[in-house]
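Comments concern the structure below.
There are 2 protein chains.
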Amino acid sequence: MSRTASMSAPVLPIRGRLRPLGLGDVRITGGFWAERQSVNAVASLAHIEYWLEREGWIRNFDLAAGGDADIAQARRGREFSDSEIYKLLEAMAWEIGRTGDEGIESRFRSIVERVAAAQEPDGYLNTKFGRPGQEPRWSDLEWGHELYCVGHLLQAAVARARTRPGADDGLVEVARRAANNVCETFGPDGIDGLCGHAGIETALVEFARVTEDDRYLAQAALFVDRRGHGRLSDVEFGREYFQDERPVRHATVLRGHAVRANYLAAGAADVAVELKDASLLDAVRTQWQNAVARRTYVTGGQGSRHQDEAFGEDWVLPPDRAYSETCAGIGSVMVAWRLLLADGDPRYADLIERTLFNVVSTSPSADGRSFFYTNTLHRRELGTLPDADKPSLRAAASLRAPWFEVSCCPTNVARTLASLTAYVATSDDEGLQLHQYMPGTVTHRRADGRDLRVSVVTGYPYDGEIRVRIHKDETESDSDDPWSLSLRVPGWATEGATLTVAGETRPVEPGVVTERRTWQRGDEVVLCLPMAPRFTYPHARIDAVRGCVAVERGPLVYALESVDVPGIETVDELRVDTSQAPRLVDGQVTVRCEHVRADENAEQARGWPYWTGPNGSAPVADEVLDEVPLVEYHAWANRGPSTMRVWLPTTA
Amino acid sequence: MSRTASMSAPVLPIRGRLRPLGLGDVRITGGFWAERQSVNAVASLAHIEYWLEREGWIRNFDLAAGGDADIAQARRGREFSDSEIYKLLEAMAWEIGRTGDEGIESRFRSIVERVAAAQEPDGYLNTKFGRPGQEPRWSDLEWGHELYCVGHLLQAAVARARTRPGADDGLVEVARRAANNVCETFGPDGIDGLCGHAGIETALVEFARVTEDDRYLAQAALFVDRRGHGRLSDVEFGREYFQDERPVRHATVLRGHAVRANYLAAGAADVAVELKDASLLDAVRTQWQNAVARRTYVTGGQGSRHQDEAFGEDWVLPPDRAYSETCAGIGSVMVAWRLLLADGDPRYADLIERTLFNVVSTSPSADGRSFFYTNTLHRRELGTLPDADKPSLRAAASLRAPWFEVSCCPTNVARTLASLTAYVATSDDEGLQLHQYMPGTVTHRRADGRDLRVSVVTGYPYDGEIRVRIHKDETESDSDDPWSLSLRVPGWATEGATLTVAGETRPVEPGVVTERRTWQRGDEVVLCLPMAPRFTYPHARIDAVRGCVAVERGPLVYALESVDVPGIETVDELRVDTSQAPRLVDGQVTVRCEHVRADENAEQARGWPYWTGPNGSAPVADEVLDEVPLVEYHAWANRGPSTMRVWLPTTA
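Going down the list, the protein sequences come from chains A and B. Using full-length UniProt numbering, read the first sequence as starting at 1 and increasing by one per residue. Using full-length UniProt numbering, read the second sequence as starting at 1 and increasing by one per residue.
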């Protein structure tokens, strides 16, 4: 295997401006993300495995392996349920790579054995199709998710191959046979089709990187090229739903189903990088830029429609019933990471940071045992506690639910948190780049055998000081060659960020600051980011939040949650006074608000909510609340049913 | 048959504040609605029949009648397609009653014959269930629509019985057998169930009125009482979707699927009136008031969600992708009409007027051969012309489509337009009430044999003068008893309305003005309504249109359509200057606008549409357009693809 093939990281492109580090090269030693990784490992993985067993989704493989004649009736779960097992395996593989946990290793092997037993002699592997009483294989490319499921199988195998190269569990061989079956079935002389849900594309490229077999890369390129010509049937949501209305390289914005759109963009970026396809990479870049400029929530969330889990048109970003699916956020991180590696542009890392803090970390509850599938920015009614003992039938549960009928987000969050260190830092020929800030260490062994090592001390995202210290072994001299240390200054830090090196402090602008030196042991670089809470205003074309502001602090978006304002029926009765900046009071972000009991105003009695003349609708303030506390958006709904809003109407 | 049973009108309650007139008592002789009734009769009925044949939905009855062994495979259309045939029959029946058209009579009889042939010996009639290879009868109450379909069969029979009492086509007998089968199957000792889609309730009450058989009324009351206790399964959209989460008499607002909600409210009102159930009627009244005060678009449209065609929570009224289903508007007219008859409150007639002009008349194209299923208030992209030769897979077509996979609106519009005169006027012991204004005549033969007759001369809704003249036969003396003529002053006429009687003019307020006199032949009452176009402001709690105004004139809502502003890429680039009132210029409503090319502003280049500090988002006006013409909302999208908005952001 090549050098990259044996590295422990989720994405290993053949070329690009920046190179990923292995997961083992970065250690998170505390803070916001260490806590989440720990909860994921200790609670979420077992929680997920419990529900997969309980719902019978793992047992589907046993039924298939046992040749159950009744499988068409006995099989449980939706057509894509196999993929959840694969995503759990991927999460476990990264976790095993991270910590070497023997318990997880043993559970991993046990599940792999049951999966492997269900594989058909020709490599086909899916519990939903092809057996007596079931629909034939590949008979429903629009909705069947067969290739999508193979994609997640390959991703699990990639994670395993990179964290335990040569392990004897057999997962990589199962994946290879499944991938071969796909290439034989859908190759240039095979079925001229593609999957309604993208995902296999990036998986095949990654599997080609692991196996160094370009056949899989060619198949991925073929799938990317096939999409966009109407090979899939028209459906109620239109072919845009699965990005089949326009060729990938002609599209100018992410559109349709937001998870599919991002998975496809990730796959297209992978293909473009491997095949030096500059026009394809440029198309993905343009799609990303336009999606971020016009179709992304302030949280980083994407997808505004419930009906088809899709992007809306430009500027359609309603906060109430924002869909902002957790998995779309994860897909967005996947795309931005690939583009960051390709281009090095810090705006990609900006979006990754925003999305990790405000979408990915919003989904799981503090205990890691319930999840948001969608991440609305405005909750108008209290809602009800989901039944802890039943999967939610609804994606948009009013509070986090333990499991869903369509339960893609828990496993997706788990695999992302288990591999989170991948997104922290990169290297290039000049040195090291830090993209995300958390307490810990980063080590990079260069091709010349030399280690570049730093530690990061910070209370970020609650404290703006990020202290990076250079480490060296006793054996290393202090007079080595110079190398470059690059730090990202986030896009939100438009005023007041400073960098201190060797006692010299200077202002820095959003972007990347690079210090190239012959570093001495113990040298420190200190980035100070401005942490005053701030009002954020929306673009004038975003109709749904006209006349509103959001509150942010550092990379965190804040929300007004009714549990924090006792005596107020709903947060919709508050209006924020923007003449006074948001303030930290006892460590809590607060704003000044007016309380307007709009319902009690006289005009309400008319029974028709529209007036001739503006005076009829002018609300009258009942009282002024000087220090209304806000909650970090990702932490909302952890204290029971509440109303909530991110975008606050102003008194102006 | 009783007096009311033989009257030609869609709703004939046993009691109430006002009494309906027969369709023949009102003649529309010209203007807005005469044109629409004519297009409906000449074009839409034939168009609908053509598509019902072409799609095989009528042929389904032939397959069922012929005992086709393959019916499970051969049957076409969705589970509710039978109801479209019944709605066409209902529309035809009203039209035959209105004009006596022999061609329509002959087509009507031919369809009835095919429907009747498919009825099972025990009265069961549905082409989708119960035959070999099909699902068993009543096996899918949540989604199967069997009772819903029977409801529309009964409505067709009611229309026939009231317009051609004693006709020998057999439809009433078919309906009676089907209704009996329902009572036997779902009576007190039968299946303890109900239909996922309400509709049978109001139909059974009307059928009881026609047949004077209270068994059907009792069954309707039973269905109303059964709903709201979770007898239907939980589904993805929740039991609220079919109003089964809360008993009808405990609910305080219309909720869930907007058509189901309105049909149920109509049925509950009917049951309440017949059974003198004051608390049930009061519940419907409260639900209506709260739905109108908080869940209704300025057009009168109801239902804001695409996913489940449902009402949103209070104040959730997004204009873009407003669902505002045509059929929900029709359901809303049904409810308001029943409450108007029960209470006499002119606010019900206000909503009927608003909904007829801005929802029901928006659906059909000028030629009556294509339809909006949903009625958005904001269209951001040009969209594409639907294929004129294919049913639309999508409810939300960008332009009117000739037919839909779910094609409930064309037939619903047709039956409503054919019976439109029902909503114009009523009588009570004191005299006549005019609720809607259109040129024509109204005649009412009182129980004492005396005729009250008036003619209406008006250019309404384009002219505010409504001239009501008293007519008498030569045989009638001028010195008869006094009687009362009541006219509705619409809720929007808050300033400047006047009434002139016998040369005396006085100001009048919204509500009802009544003149009680001994009328002389040729007496005139002239109502003058203020017809200056006006800005309309939304309630402060409707987040989605904060900072916007709508423009109305009389009962008509206006829209800005891009076809009227050549050179502007999208209407979203215009902002209206509210310091200058909208003006009539050459008969066209115009507003002054600023044109803002927001995309060209510098901040757009940053690639992230949120800013710290308000200045970043302040758009810069490129030019001022003094007389931007607006289009009557109901007439938008008749000139090809356009962007469009009803709610216009202001320059303020």
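Beta carbons are placed, not taken as given, at the ideal position from N, Cα and C, and that holds for glycine. What you are looking at is a predicted structure, and each value in this text was computed from that prediction instead of being measured.
Can you give the Cα-Cα distance for B/Ile-85 and B/Leu-153, rounded to whole angstroms?
The alpha-carbon atoms of B/Ile-85 and B/Leu-153 are separated by roughly 9 Å.
Shortest alpha-carbon distance to A/Ser-407 belongs to which of A/Gly-640, A/Glu-55 and A/Val-11?
Comparing Cα positions, the closest option is A/Glu-55.
Under three-state DSSP, which class holds A/Pro-538?
A/Pro-538: strand per DSSP, three-state reduction.
Could you name the residues of chain A that B/Ile-542 contacts, counting a contact when the two beta carbons are closer than 8 Å?
Going along chain A in sequence order, the residues near B/Ile-542 (Cβ under 8 Å) are Pro-609.
Rounded to whole angstroms, what's the CA-CA distance from B/Arg-160 to B/Arg-583? Just pull it up for me.
The straight-line gap from Cα to Cα measures roughly 47 Å.
Go ahead and pull the three-state DSSP assignment for A/Val-413.
DSSP, read as helix, strand or coil, puts A/Val-413 in helix.
Helix, strand or coil for B/Asn-601 per DSSP?
Note that B/Asn-601 scores 49 on pLDDT, short of 50, meaning its location in the model is unreliable; the coordinates nonetheless yield the value given after this. Assignment of B/Asn-601 by DSSP, reduced to helix, strand and coil, places it in the coil class.
Mind checking the segment 555–579 of chain B against chain A and listing, in chain order, the residues whose C-beta falls within less than 7 Å of any C-beta there?
Against chain A - using a Cβ distance shorter than 7 Å - the residues of the segment 555–579 of chain B are Asp-572.
Nonlocal neighbours in the same chain, by C-beta distance under 8 Å from B/Ala-602, ignoring five residues either side:
Caution is warranted here: a pLDDT of 46 is assigned to B/Ala-602, below 50, making its placement in the model unreliable, and no coordinate value can be reported.
Using only the alpha-carbon positions, how far apart do A/Gln-604 and B/Thr-252 sit?
The predicted model places A/Gln-604 with a pLDDT of 48, which falls under 50 and marks its position as unreliable; any figure quoted below should be read in that light. Looking at the two C-alpha atoms, the distance is approximately 16 Å.
Whose CA, out of B/Tyr-373, B/Val-271, B/Thr-458 and B/Ser-38, lies closest to the CA of B/Gly-303?
Among B/Tyr-373, B/Val-271, B/Thr-458 and B/Ser-38, the Cα nearest to that of B/Gly-303 is on B/Tyr-373.
Under 9 Å between beta-carbons, which chain A residues line up against B/Asp-473? List them in chain order, please.
Going along chain A, no residue has its Cβ under 9 Å from B/Asp-473, so there is no contact; the nearest lies around 42 Å.
C-beta neighbour in chain A for B/Ala-293, strict 8 Å
So yes, B/Ala-293 belongs to the interface.
Please return the same chain residues whose Cβ sits closer than 6 Å to the Cβ of A/Leu-527, not counting the five positions on each side in sequence.
Correct list, in chain order: Ile-466, Leu-487 and Leu-499.
Give the secondary structure of A/His-435 by DSSP, where H, G and I count as helix, E and B as strand, and everything else as coil.
The three-state reading of DSSP puts A/His-435 in coil, since its state is none of H, G, I, E or B.
C-alpha distance - B/Thr-326 paired with B/Ser-392, whole-angstrom precision
Taking the Cα positions, B/Thr-326 is about 15 Å away from B/Ser-392.
Hey, how far is the Cα of A/Arg-446 from the Cα of A/Leu-452?
One alpha carbon belongs to A/Arg-446, the other to A/Leu-452, and they sit about 7 Å apart.
So that I know if they touch, is there some Cβ in chain B lying closer than 8 Å to that of A/Ala-602?
With a pLDDT of 46 at A/Ala-602, under the threshold of 50, the modelled position of that residue is not reliable, and the figure given next carries that caveat. With 8 Å as the cut-off, A/Ala-602 does not count as an interface residue toward chain B.
What is the C-beta distance between A/Lys-531 and A/Gly-554, in whole angstroms, given that I count them as a contact (C-beta under 8 Å)?
Rather than Lys, the amino acid found at residue 531 of chain A in this sequence is Met. Contact flag correct, Cβ pair sits at about 5 Å.
How would you list, in chain order, the residues of chain A whose beta-carbon sits under 7 Å from the beta-carbon of B/Glu-236?
What B/Glu-236 touches in chain A: Leu-393 and Arg-394.
Using 8 Å as the cut-off, can you tell me whether the segment 396–403 of chain B makes contact with the segment 328–344 of chain A, which would need three or more C-beta pairs spanning the two stretches below that distance?
No, the segment 396–403 of chain B does not touch the segment 328–344 of chain A.
CB of B/Arg-354 within 8 Å of CB of B/Gly-312, strictly:
In terms of Cβ geometry, B/Arg-354 and B/Gly-312 do not form a close pair [threshold 8 Å].
Residue-chain proximity (A/Gln-289, chain B), Cβ-Cβ < 8 Å:
Yes, contact with chain B.
Below 7 Å CB to CB, which residues in the same chain sit around A/Asp-543 once its five sequence neighbours on both sides are set aside?
In chain order, Trp-315 place their CB closer than 7 Å to the CB of A/Asp-543, counting only its own chain and leaving out the 5 sequence neighbours on each side.
Determine, using beta carbons only, whether B/Glu-173 comes closer than 8 Å to chain A.
No, its Cβ sits nowhere closer than 8 Å to a Cβ of chain A.
Give the interface partners of A/Pro-386 over in chain B, defined as CB-CB distance under 9 Å, in chain order.
The premise fails here: A/Pro-386 is roughly 12 Å from chain B at the closest Cβ pair, so nothing lies under 9 Å.
Give the secondary structure of A/Gly-511 by DSSP, where H, G and I count as helix, E and B as strand, and everything else as coil.
When secondary structure is reduced to three states using DSSP, A/Gly-511 falls in the strand class.
Measure how close the beta-carbons of A/Arg-75 and A/Lys-128 come, nearest whole angstrom, since I'm counting them as under 8 Å.
A/Arg-75 to A/Lys-128, Cβ: 7 Å. Contact.
I'd like to check one pair, A/Leu-275 with A/Ala-221: are the Cβ atoms closer than 8 Å?
A Cβ-Cβ contact shorter than 8 Å links A/Ala-221 with A/Leu-275.
Am I right that A/Arg-27 and A/Gly-383 are in contact with their C-beta atoms under 8 Å? What's the rounded C-beta distance?
With a Cβ gap of about 39 Å, A/Arg-27 and A/Gly-383 do not count as contacting.
Assigned secondary structure, B/His-306 (DSSP; H/G/I helix, E/B strand, else coil):
B/His-306: coil per DSSP, three-state reduction.
So, does the CB of B/Gly-196 fall closer than 8 Å to a CB anywhere in chain A?
Not closer than 8 Å to any Cβ of chain A, the Cβ of B/Gly-196 fails to qualify, so no.
Let me confirm a value: B/Tyr-216 is counted as buried when at least 16 other C-beta atoms fall within 10 Å, else exposed. Which label applies?
It is buried - the Cβ of B/Tyr-216 has at least 16 other Cβ atoms within 10 Å.
Is there a Cβ from chain B that is less than 8 Å from the Cβ of A/Gln-433?
No - not a single Cβ of chain B is within 8 Å of the one on A/Gln-433.
Between the CA atoms of A/Glu-142 and A/Val-525 - distance to the nearest angstrom
Distance from the CA atom of A/Val-525 to the CA atom of A/Glu-142, rounded to whole angstroms, is 53 Å.
Of the residues B/Leu-18, B/Gly-464 and B/Val-39, which one's Cα is nearest the Cα of B/Asp-367?
The shortest C-alpha separation from B/Asp-367 is found at B/Val-39.
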